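Heads up, the thing below is written out as structure tokens.
Numbering (UniProt numbering), first residue to last: 1 to 162.
This is the structure in structure tokens:
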């Protein structure tokens, strides 16, 4: 399960909508080994494409060095799909090079809908996982889990006892 702060999700969605009709991309870094995304890093889509994203190699080198200097790692790697559902394409799967990362996809095909889904991609195998949105303004014991982009019958709403 991906647990992520609402403000980071909002920033990712805003980035995706701002770059539409091109795909947006970026990283959310967090302390090494924590699986906690804490720092949103929007990146440039060097491909400037409606159907493909590619990190600029120099920007990626700079961001990865910065994460290393801060004892961080890429907890979330995200990008948007502009005309299709939030599900990894064959190209997305082939380029997924961080087996420990959550791959978050945002679809901007519907301007008034927030379609967000998270996946683990390891050795070409895609596994969808729930997204738990944390809201600092809400009681942390009453957080809901969502499977965005799914039909209402498959949305998993659960409260945490932590």
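Ideal Cβ positions, reconstructed from N, Cα and C, are used throughout, including at glycine.
Nothing here was measured: the structure is a model prediction, and the numbers come from that model.
In the structure shown, residue 29 adopts extended strand secondary structure according to DSSP, grouped into three states. At a Cβ-Cβ threshold of 8 angstroms, residue 107 and residue 127 do not count as neighbours. Pairwise C-beta distances place the segment 44-63 out of contact with the segment 99-113, as fewer than three of them are shorter than 8 angstroms.
Short of 7 angstroms from the beta carbon of residue 79, and not among the five residues preceding or following it, lie these beta carbons of its own chain, in chain order: 23, 24, 25, 53, 105. In the displayed model, residue 107 falls within a strand according to three-state DSSP. For the segment 30-92, the continuous beta strand (DSSP E) assignments of 3+ residues that do not extend past its boundaries occur at 39-43, 72-81, in sequence order. Each residue's CA atom was taken as its position, placing residue 20 and residue 81 some 9 angstroms apart.
Selection 92, 109, 46, 119 evaluated against residue 101 yields 119 as nearest (Cα-Cα).
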